[in-house]
Amino acid sequence: MADPRLVVKLKAVRTAAGLTQQELADRAGLSRKTVNTVENGVFTPSVLVALTLAQALGAPLDALFTLED
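Per UniProt numbering, the very first residue in the sequence shown carries number 1; after that it's consecutive.
Following this line, the structure appears as structure tokens:
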């Protein structure tokens, strides 16, 4: 289970980019299941996975993930 303080904005950024989960997964070299579980807060991504997703979307890391105050 993901840390409840983590705010995941991955889905909003992905859909704004016009990408499906599979397209993002392909760009990032990850599985669609990984993208799905991160988007849905099933688990907290490692730094490597988070950076890979940000790079694949051409977005800064804090556009995808922030901590709740």
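We put the CB at the ideal spot given by N, CA and C, even for glycine.
Keep in mind the model is a prediction, meaning the values are calculated, not measured.
- The C-alpha of L24 lies about 12 Å from the C-alpha of E39.
- Counting of Cβ neighbours within 10 angstroms places L67 among the exposed residues, the total staying below 16.
- Contact between T44 and D3 is confirmed by a C-beta separation of about 5 Å, below the 8 Å threshold.
- For V7, the enclosing beta strand (DSSP E) begins and ends at L6 to V8.
- In this structure, L64 sits away from A56, with a CB-CB distance that is not shorter than 7 Å.
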